Structures are given as C-alpha cells and as structure tokens.
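Following my numbering, the numbering of the sequence shown begins with 1044 at its first residue and continues without gaps.
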Amino acid sequence: MAERNDLVSCLESLAKLDVDAVHAYTSAIERIDIPDVKQRLTAFRVDHERHISELSVFIERLGGTAPTRTPDLKGFLIQGFTAIRSMMGNEEAIKAMQSNEELTNKHYAEALTFELPDDIRIVVQKNRDDERRHLDYVKRCIDDRVWEGRTRTVA
1044 MAERNDLVSC LESLAKLDVD AVHAYTSAIE RIDIPDVKQR LTAFRVDHER HISELSVFIE
1104 RLGGTAPTRT PDLKGFLIQG FTAIRSMMGN EEAIKAMQSN EELTNKHYAE ALTFELPDDI
1164 RIVVQKNRDD ERRHLDYVKR CIDDRVWEGR TRTVA
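Right, here's the structure in full:
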C-alpha cells in the first residue's frame, strides 16, 4: 500500500489537475461556437468537477486538504494557454483541449501505478476512463476537422 503522505500527495495532485482542467474547459467553451462540441465539452467539464468532489472525500479522510476550486500558478498557465489558443478559433481551442487532456491522462495513468486502496483505485480508474473518453473525443474532432462543418464526431 502506498505511504499515507504519498497517497495524499498523489490524490491532491490529481484533484488540483482536475481544478485546472475545469478552468481550461471554461476558457475553451466560452469561445467554441460549434454547438455539439460545446455541449460535449460542457459535459466533460462536469466530469472534472465530479472528479474533484470524489477525490476530495478521500483526501480529507486521509488527513489532507481538498483543493480550492481556484487555479494555482500552473493552472493559470494552462488556462491562459487554452484561452489564447481559443481566441484563434475553434480549431485551436480544440487542439488546446487535446494538450490538456493528454496531460490529465498521463497523470491518472501514473496514479494507477501506486498501490492504492481498493475504494480509491476504483474511483481513480473510473476517472482515468473518463479522461480517455475525453481525449478520444477531442482527437476525433481534430481528425474529422469539425471546425470545417463536418458532423461525424458526435458519437
């Protein structure tokens, strides 16, 4: 089993990354004008908010401090990067979200290398599955070039 401090640190890091993702999604959603993509990204943002809530329960149970819902310095950089790219149009906003989801997927995969208690592992695995789904969707949007009016990506 992972050391308690290492486990808390791992969960705090994931929760903070999800906080950063919420803010990045907000920046992209505000600028994307493709209704289907906007709707799907809004649902993904809700997933990240749920991840924060679920992870916070474990963090507090283990004696850690749940993250605030405001971005830290890294979060401001991620949000700023997303906002700037999003100003360049739908294509860049979607590509920024790909970068963000690749980062989130990487961190969830790393977390699953820890020896996690079963209840925590189940939640982290479920969250990682969400992250894979998010990344797959964003990649399909890019492959389909949805900003050109193609509609194949809805699934």
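For every residue, glycine included, the Cβ atom is placed at its ideal position computed from N, Cα and C.
Computed from a prediction, not measured in an experiment: that's the story for all the values here.
Tell me whether the beta-carbon of residue i lies closer than 8 Å to the beta-carbon of residue j.
i	j	result
residue 1147	residue 1060	yes
residue 1049	residue 1133	no
residue 1136	residue 1083	no
residue 1027	residue 1053	In the structure as shown, the chain begins at 1044 and stops at 1198. Residue 1027 is therefore absent and cannot be evaluated.
Grab me the residues of residue i's own chain with a C-beta within less than 6 Å of its C-beta, minus the 5 sequence neighbours each way, in chain order.
i	result
residue 1182	none
residue 1144	1177, 1178, 1181
residue 1109	1099, 1102, 1103
residue 1126	For residue 1126, the pLDDT reaches just 47, beneath the cut-off of 50, and the residue's location in the model is therefore unreliable, leaving the point undetermined.
residue 1191	none
Kindly list the residues whose CB is nearer than 8 Å to the CB of residue i, restricted to its own chain and excluding five residues on each side of it in sequence; keep chain order.
i	result
residue 1065	1088, 1091, 1092, 1095, 1112
residue 1150	1056, 1057, 1060
residue 1080	1133, 1137, 1184, 1189, 1196
residue 1163	1050, 1054, 1101
Report back the beta-carbon spacing between residue i and residue j to the nearest angstrom; my notes put them in contact at under 8 Å.
i	j	result
residue 1106	residue 1166	Going by Cβ atoms, the distance from residue 1106 to residue 1166 rounds to 18 Å, so no, they are not a contact pair.
residue 1102	residue 1085	Incorrect: roughly 26 Å between the Cβ atoms, too far for contact.
If you drop the 5 nearest sequence neighbours on each side, which residues of the same chain put their C-beta closer than 7 Å to that of residue i?
i	result
residue 1161	none
residue 1168	1155
residue 1046	none
*Which parts of the stretch 1148-1198 are runs of the alpha helix (DSSP H), unbroken and 4 residues or longer, counting only runs that do not cross its ends?*
1161-1187
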